[in-house]
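> Per our numbering, the very first residue in the sequence shown carries number -2; after that it's consecutive.
Beta carbons are placed, not taken as given, at the ideal position from N, Cα and C, and that holds for glycine.
My questions all concern the structure below.
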Amino acid sequence: MSTPPATIRLHELRFRPFLTEERIKQRVEELGKTLSERLGNEEVTFVVMLKGAYIFAADLMRASGLGGEVCFVRTSSYSGTESAGRVNLILAPEPDLIRDRDIVLVEDIVDSGLTMQAFLPILEDLGPRSITLVTLLHKPEAQRVDVPIDLVGFTIPTKFVVGYGLDYDGLGRQLPAIYQLDESY
Ligand code: 5GP
């Protein structure tokens, strides 16, 4: 694995290295193991919050070894680096993949918690057997509403991050590590 550069620039902003590719990989392996211990050999449905969680979800699914379906959901609430506070459902889950199934709900970040607060009732209305909410990142200091998170990859400060599937206005998703906004510029 290559050494990450000191800082990167995306549009007009600079970001500094925050979580290395190795740390992420190790933590995702642990989360996968925990998931398989909790859900055993059940056929689950991975519900993946697009777009930010798609790389995490692919790695987590393989780390868990759990079989089953995958289902993609898309909401929107962010513009630039600030949450807009309103949540719109752009791509809804397929009801047949949710009803009577154990769901692993995969999120990239729980920040204000508003996305999960809006989405969880929609998912529950579809009649899953259980929901296990896994988020790669959690910003507890930014959280405005309660969210029943089952597994957290990393608890992080309230600063905007990119990489490993997360973007800043369309840039940075391909980065294998996670970078944090550098406000000293
Ligand atoms: P919440 O509704 O909890 O405030 O925010 C959830 C969504 O906002 C996440 O799924 C993610 O898409 C986006 N988000 C929150 N914080 C960040 C961040 O630091 N970086 C990026 N790229 N997206 C974020």
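Taking all protein chains shown into account, do 16 or more other C-beta atoms lie within 10 angstroms of the C-beta of Gly110, making it buried, or fewer, making it exposed?
buried
> Keeping to the same chain, check which residues put their C-beta closer than 6 angstroms to that of Asp99; ignore five residues upstream and five downstream.
Leu36, Glu39, Val41, Arg126 and Ser127
> When you compare only the Cα positions, how much space is there between Leu123 and Leu86?
Straight-line Cα distance between these residues: approximately 15 angstroms.
> Are there 16 or more other CB atoms within 10 angstroms of the CB of Gly64, so buried, or fewer, so exposed?
By the Cβ-count criterion, Gly64 is exposed, with fewer than 16 other Cβ atoms from all chains shown falling within 10 Å of its own Cβ.
> Is the stretch 144 to 160 close to the stretch 1 to 16, with three or more CB pairs under 8 angstroms?
yes
> Have a look at Thr31, Ala50 and Lys30 and flag the residue whose alpha-carbon is nearest the alpha-carbon of Arg170.
Distance check between Arg170 and each of Thr31, Ala50 and Lys30 places Ala50 closest, using alpha-carbon atoms only.
> Does Gly150 pass the burial test, meaning 16 or more other C-beta atoms within 10 Å, or should it be called exposed?
Flag for Gly150 reads buried.
> Is Asp147 near the ligand 5GP, with its Cβ less than 7 angstroms from a heavy atom?
no
> Near Leu163, what residues of its chain come up, given a Cβ to Cβ distance below 6 angstroms and the 5 sequence neighbours on each side ignored?
Gly49 and Asp105
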